[in-house]
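Here the structure comes first, spelled out in structure tokens, and everything after it is commentary.
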Amino acid sequence: MDLNVSSIGSRLQMLTTSDHASVVSMNLFVALLCVCIVIGHLLEENRWMNESITALIIGLCTGVVILLISGGKSSHLLAFSEDLFFIYLLPPIIFNAGFQVKKKQFFRNFMTIMLFGAVGTLISCFIISVGAMQFFKKLDIGPLDIGDYLAIGAIFAATDSVCTLQVLNQDETPLLYSLVFGEGVVNDATSVVLFNAIQSFDLTNINAAIAWDFARNFFYLFLASTLPGVVTGLISAYIIRRLYFGRHSTDREVALMMLMAYLSYMLAELFYLSGILTVFFCGIVTSHYTWHNVTESSRVTTKHAFATLSFVAETFIFLYVGMDALDIEKWRFVSHSPGTSVAVSSILLGLVMVGRAAFVFPLSFLSNLAKKSPNEKISFKQQFIIWWAGLMRGAVSMALAYNKFTSAGHTHLRGNAIMITSTITVVLFSTVLFGLMTKPFIKILLPHPKRQSRSMAISSDPTTPKSFTIPLLGEGQDSLDDLGGHDIDHPSSIRALLTTPTHNVHHYWRQFDDAFMRPMFGGRGFVPFVPGSPTEHNPPNQWH
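Going by full-length UniProt numbering, the residue at position 390 of the sequence shown is 390; the numbering climbs one at a time, nothing skipped.
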């Protein structure tokens, strides 16, 4: 009996010690997040640094300190977990990207974005896979089959849309931001879908039937992933419009918007779809319909809440990656052959650059052929920036590499360890080098005169009733109504339709949206009329 009591007591003591260690780790991590925010603010005007690079460098420095204190045993407070990344950190970032995106620019360049994001990713994946297959066999890094090489292509075809959001300015370079950011989201979704498709098929004995099933599965996942996001966004819009929670409690409508957004992502994961595409389109639908159905105070609250959650998650990811990069367990496997590790990292970085160039410049040329206006065409300088800004690799590549080459976060094979350390090297090198140089390149190649925006000029007047909302509601929540203007030349031939597809598709979409969607799901001009509400002074069913 005494033995049982003592054993239970020792176990409880071990659990208490473990819990206390977790609390200490979380305290330090939260403190580091605060430090990243403060330093990021101090470096706001710096032409080289951005908050992603700042968090990454702080994470690396913290990892070095922990490594020294622990005597070389550990370098991180928290171990890298792909579940933490995909389930908790990535959804708020991608949802906010869809929620805040300039829909006018995004849908005006929709065909180009899909061309870059989907077709371009496949081209990049193919080139990286073939290049890795040719070079890695000469380096003797371990047994890799065709499925492994295709997985490597998918891993390194994934751009870092998180860092891209911070190095490009939506107001100064709207076309570039729209293309690079839109392509980044579609690219991440395509890479994840492609990676999952590769994992679910045995490609060692590939034939025509397997190739057809693989292609069919890929396109099914890609197209089906948009459906849960759209449906969830429409359901939230319908519920909030019909019940109008704001007349009793704005907290409920804000909570419902947030939970429905997260539900869309989890539904996609439940049905083995791409949560990235799902939550992105949920963000677009939410901003187009649901956001206009809530009270004015809830609009400001949700705008800030989604942006804050996204910002904290972004900082967390780069701090996390920085500390995990120095994990001694992974580097111990490659310490006996550092030359091989450096060679693999260099080859992968070179293949990433070649793979991106192989689709950016040719697809930009094709895109320009379909555009009549010179202002809509992508200049060579812009193509260079698109190529350069998309070279950064980030947490998506890290998470996919961990999924493929580790077991429960641990590496036991030399070949797998080399791939993990090479991924870490490429992520760090590309984020720091390409991230540091993107802003200066934009200033040199595409100088933008500084001027005070209209929204800032209006918001400077403290007596304006909506002064605190105008910067938030201005360009970020532009309506799809304004895309292309009201005077649209309709095509008189098939060739004309092909040269200006976006404007014409939008024209018919707007007619359908006004006639069927907005009366049912709300949106601008169809907010509920409730006495005493913020919309009391707006006549019902009129465009604002």
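Just so you know, even glycine gets a beta-carbon here, dropped at the ideal spot from N, CA and C.
Inclusion of Thr290 and Ile240 in the CB contact set at 7 Å is warranted, their separation being smaller than that value. The beta carbons of Gly117 and Phe280 sit no closer together than 7 Å.
Separation of the CB atoms of Phe95 and Gly283 is rounded to 4 Å, and the pair is thereby assigned contact status at 8 Å.
For Ser264, same chain residues with a beta-carbon under 6 Å away, outside a window of 5 residues either side, are Pro228, Gly229, Thr232, Thr278, Val279, Cys282 in chain order. Note on geometry: alpha-carbon atoms of Ile328 and Pro447 lie some 44 Å from one another. In the three-state reduction of the DSSP assignment, Tyr265 falls in the helix class.
Ranking Ala224, Gly322, Pro374, Ile93 by CA distance to the CA of Leu267 puts Ala224 first. Restricting attention to alpha helix (DSSP H) runs no shorter than 4 residues, the stretch 130-192 encloses them at 146-157, 161-167, ordered along the chain. Following the DSSP letters along the chain, one finds Leu351 inside the alpha helix (DSSP H) bounded by residues 338-369. The stretch 55-75 and the stretch 315-326 touch, with no fewer than 3 CB-CB distances between them shorter than 8 Å. Residue state for Glu253 is assigned as helix, using DSSP reduced to three classes.
Separation of Leu326 and Phe429 (C-alpha to C-alpha, rounded to the nearest whole angstrom) is 14 Å.
Secondary structure note for Phe271: it is in no alpha helix (DSSP H), with a DSSP letter that is neither H nor E.
Counting along the chain, the unbroken alpha helix (DSSP H) around Ser422 starts and ends at 414-445. Here the alpha carbon of Ser310 sits roughly 28 Å from the alpha carbon of Ile152. For the pair Met392 and Asp160, the CB atoms are nearer than the 7 Å cut-off. Leu150 and Ser129 have their C-alpha atoms spaced approximately 5 Å apart. In the three-state reduction of the DSSP assignment, Leu400 falls in the helix class.
Taking the Cα positions, Ile420 is about 10 Å away from Val334. Excluding sequence positions up to five before and after Leu89, its CB lies within less than 7 Å of the CB of Ala313, Phe316, Ile317, all in the same chain and listed in chain order. DSSP places Ile206 in the coil class of the three-state scheme, outside both helix and strand.
Using a 10 angstroms sphere on the CB of Arg510, the tally of other CB atoms reaches 16 or more, which defines it as buried. Met257 and Ile69 have their C-alpha atoms spaced approximately 45 Å apart. Ala31 and Met398 have their alpha carbons spaced roughly 24 Å apart.
Its Cα nearest to that of Phe156, the residue Leu194 stands out among Met49, Leu194, Tyr508, Pro92.
Judged by beta-carbon spacing, Gly40 lies beyond the 7 Å limit of Ala237, meaning their Cβ atoms are not closer than that value. With contact defined as three or more Cβ pairs closer than 8 Å, the stretch 198-218 and the stretch 130-143 are not in contact.
In its chain, beyond the 5 residues on either side, Leu309, Ser310, Ala313 have a beta carbon closer than 6 Å to the beta carbon of Pro92. Taking a 10 Å sphere around the C-beta of Phe86, we find 16 or more other C-beta atoms and assign the residue as buried.
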